[in-house]
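Written below as structure tokens is the structure these notes are about.
Residue numbers (mature numbering (1 follows the signal peptide of the UniProt record, and there is no 0)): -20 to -1, 1 to 773.
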């Protein structure tokens, strides 16, 4: 019964699956189970979604158009905007309210989704961690501020904000076929994306005093209202991404006059925002198959030195897209080329700072072109006029634009790991234009339909870039270590995004590997490719669900694959929370940590990065006369490592001195004094009853006062049996009790009080964390660098 209850809890999240995942027709036999049809696991076909996996005759989806004006205040690090939203009700239902996403509330300490993870008492920690503990219950000033919300006539609308969501009450019901227009003014403080995390924000470059802004999930935007779940109502926690409706966008961004703006869609006023020379280069790029620098490296460096005080407004339009994102910086070099994709011209572009120049200038725009051409071959022709890659020490995707990583050494050299990582992330993020920007699945619920399908076509694309590309997201042998893990460390692919422990293998690699097994071993390329293209064709610019994919793959191939979906994709309880142990500690300012000392180690240079095994896909690709690898068709893509991997450059086996910079430094006196008087506790809890509930902790201090901490139930989501939490208190604790007001129906209160005396404190060191290299930054030494030194360049 426990397994059946688990199946219910996993599947009912989506609201469209019956509680029959682990039911079996012949459970006492050694046959008749593994090949049982999916049956009641899949939703019943209807007029909206057919048994074939195609949209039904009455399929519908909503549409939303946006007209947005935004202003970027760089000195204040603030973004403000006003938008007019037109919402079209294409559903058969009358709507009395609508829901919007306020994703930027993720960065707010008071308006975020409230999900927490287990945390332990560290042996060493940073001042920043203590600051975060201290500020956890204070308003940090981040998140969306709604300034005004009115209907088309200017009448104020009633609204309610629930964490990262906002419900707007409609003045009159919006009937099927009608539309509703409203206006919203808003602003928010832009977060430091490097220190705070997240997809959008800014990165500051202290060497030249400039920023790169990535403005993502930045405007209040409509949730999806669908036939399969009604309103999308999962809060945004930072992991599960976005469920969005298609529409048309007009966006005006007012930014410092020396900024270059990259955005979703086509800029409508390039002649006004560029210099005549730059606009001339843009015109030249329209017919160039090689990247043309529209904003040159020299121009970008000059802009870094003198910052404009006036502003310019860039105007973009994008039709039939589900979202809009943009980047802005005076640091940007901008190059572009024209690619012919299935008979249509697509401008493939890149924006990047000088820190990434040697990699991005050579590879980025050509990798963009290769990606959309390859994905078009395996899915549908790329429908948009632009595809672009922006270097931002990041990895995230939006329609027609994505943000990637990949920076070089100061001398312009780079490691092979950095190069391949940069190429992989560009291909992956550009590929997301297809999954889920066009084939528009619900990322907030099913990560694998976004990341897994995209990782599979990414693998195909990397294979066609270079036959020796060291991809690990496709060949069957690469997933075995993950699948050999104990069962308590695994979860089905069919698991909600927020609740996955092994997120990378589960949502990316295992689905991609499964599809490659289908293509190469079970179905064969011809059958698989036809069915996969049919799925893309059927669900382009629509909202597919897992059953639509499973059914289409079978419908278009005449292959019964239920056994595969069952085995590869699908494969429990009263409240009793126990407090098991308490640890108590005080801090001391660290001065002798090994992490504070600069060191030098001796190391050999990395060997060529070639696959450990020449898999079946590589073999067949070499034998297929219709395939020409991009590095063979365009020899300008061959660099030192292309030769190195083929033995055309000697492997240097010498040992070199590699400096290791200290990662931390001693704290200042003020921080040592500030945190030296704090009291730190680690509490361990057990979920003995099996039913997850909030953990409510009452603290009694030595002066007789009390305080209560409330930990949401989501703290159990990565380990349903045991949790530890780390706390900072201003006073010494003498007693701890769980659920003091009997709020959770705890069936055994004898284990809710810590009956032993609180232990005497141990000590752990405190230090300041030094900022490390940005993601994708090439560091240390590399074969390319040493070969250049020996050759005298």
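Glycine is no exception: its CB is placed at the ideal position from the N, C-alpha and C atoms.
Computed from a predicted structure; not experimentally measured.
When the Cα atoms are used, what is the spatial distance from residue i to residue j?
i: residue 203; j: residue 220; result: 14 Å
i: residue 511; j: residue 540; result: 13 Å
i: residue 733; j: residue 718; result: 6 Å
i: residue 730; j: residue 461; result: 42 Å
i: residue 103; j: residue 484; result: 28 Å
i: residue 287; j: residue 190; result: 9 Å
i: residue -5; j: residue 454; result: With a pLDDT of 37 at residue -5, under the threshold of 50, the modelled position of this residue cannot be trusted; read the value that follows with caution. C-alpha separation (whole angstroms): 30 Å.
i: residue 84; j: residue 602; result: 47 Å
i: residue 144; j: residue 181; result: 17 Å
i: residue 163; j: residue 300; result: 21 Å
i: residue 12; j: residue 659; result: 60 Å
i: residue 594; j: residue 469; result: 30 Å
i: residue 810; j: residue 482; result: Nothing can be reported for residue 810, as the shown portion of the chain is limited to -20 through 773.
i: residue 124; j: residue 523; result: 28 Å
i: residue 378; j: residue 210; result: 24 Å
i: residue 466; j: residue 456; result: 19 Å
i: residue 627; j: residue 589; result: 12 Å
Please report the residue range of the beta strand (DSSP E) in which residue i lies.
i: residue 165; result: 159 to 169
i: residue 233; result: 227 to 236
i: residue 252; result: Residue 252 -> not in any beta strand (DSSP E); alpha helix (DSSP H) instead, spanning 250 to 253.
i: residue 434; result: No beta strand (DSSP E) contains residue 434, which is instead part of the alpha helix (DSSP H) from 433 to 443.
i: residue 635; result: 635 to 640
i: residue 217; result: First-last for residue 217: undefined, no H or E at that position.
i: residue 738; result: Run containing residue 738: none; DSSP gives neither H nor E here.
For residue i, collect the residues of the same chain with a Cβ closer than 6 Å to its Cβ; drop the 5 residues on either side in sequence, then sort them by chain order.
i: residue 472; result: 550, 551
i: residue 427; result: 477, 487
i: residue 149; result: 77, 138
i: residue 631; result: none
i: residue 372; result: 192, 194, 383
i: residue 332; result: 313, 340, 371
i: residue 758; result: 388, 389, 394, 395, 398
i: residue 253; result: 292, 294
i: residue 408; result: 438
Just confirm the distance between the C-beta atoms of residue i and residue j, as a whole number of angstroms; I'd bet it's less than 8 Å.
i: residue 562; j: residue 661; result: 6 Å
i: residue 358; j: residue 433; result: Actually they are not in contact, since the Cβ atoms of residue 358 and residue 433 sit about 10 Å apart, beyond 8 Å.
i: residue 336; j: residue 386; result: 6 Å
i: residue 680; j: residue 713; result: 7 Å
i: residue 778; j: residue 442; result: Here the chain comprises residues numbered -20 to 773, so residue 778 is not present and cannot be evaluated.
i: residue 355; j: residue 414; result: 5 Å
Note the first and the last residue of the continuous alpha helix (DSSP H) segment covering residue i.
i: residue 546; result: Premise fails: residue 546 is in no alpha helix (DSSP H) and is neither H nor E.
i: residue 564; result: Where residue 564 is concerned, there is no enclosing alpha helix (DSSP H), although the beta strand (DSSP E) it sits in stretches over 557 to 569.
i: residue 52; result: That residue, residue 52, is in no alpha helix (DSSP H); its beta strand (DSSP E) goes 43 to 53.
i: residue 648; result: Per DSSP, residue 648 belongs to no alpha helix (DSSP H) and is neither H nor E.
i: residue 768; result: 763 to 771
i: residue 531; result: 526 to 535
i: residue 406; result: 396 to 411
i: residue 351; result: 337 to 358
i: residue 491; result: 490 to 497
i: residue 419; result: Neither: residue 419 is in no alpha helix (DSSP H) and is coded neither H nor E.
i: residue 597; result: 596 to 603
i: residue 112; result: 107 to 115
i: residue 298; result: Element bounds for residue 298: not the alpha helix (DSSP H) but the beta strand (DSSP E), 291 to 301.
Which same chain residues, not among the five before or five after residue i, have their C-beta less than 8 Å away from its C-beta?
i: residue 688; result: 676, 677, 678, 679, 720
i: residue 640; result: 578, 579, 580, 581
i: residue -1; result: With a pLDDT of only 38 at residue -1, under 50, the local geometry of the prediction cannot be trusted, and the value read off the model is given with reservation. Correct list, in chain order: -14, 19, 20, 21.
i: residue 53; result: 59, 60
i: residue 159; result: 66, 67, 68, 69
i: residue 14; result: 543, 546, 547
i: residue 727; result: 554, 555, 556, 669
i: residue 343; result: 399, 402, 403, 406, 617
Within a Cβ cutoff of 7 Å, which residues of the same chain sit near residue i, ignoring the five residues on either side of it in sequence?
i: residue 699; result: 98
i: residue 723; result: 676
i: residue 227; result: 43, 44, 45, 46
i: residue 411; result: 351, 355, 434, 437, 438, 441
i: residue 215; result: 93, 143, 144, 145
i: residue 120; result: 88, 89
i: residue 96; result: 691, 692, 694, 695
Discussion item. When you compare the region 71 to 82 with the region 231 to 244, are there three or more beta-carbon pairs, one atom per stretch, that lie closer than 8 Å?
Written reply: no
Discussion item. Tell me whether the region 24 to 36 and the region 258 to 276 touch, counting them as touching only if at least three CB pairs, one residue from each stretch, are closer than 8 Å.
Written reply: no
Fill in: Stretch-stretch touch, CB-based, cutoff 8 Å, three pairs: the region 519 to 537 with the region 614 to 622
no
Practice prompt. Report yes or no: do the region 362 to 369 and the region 268 to 281 share at least 3 C-beta pairs separated by less than 8 Å?
Written response: no
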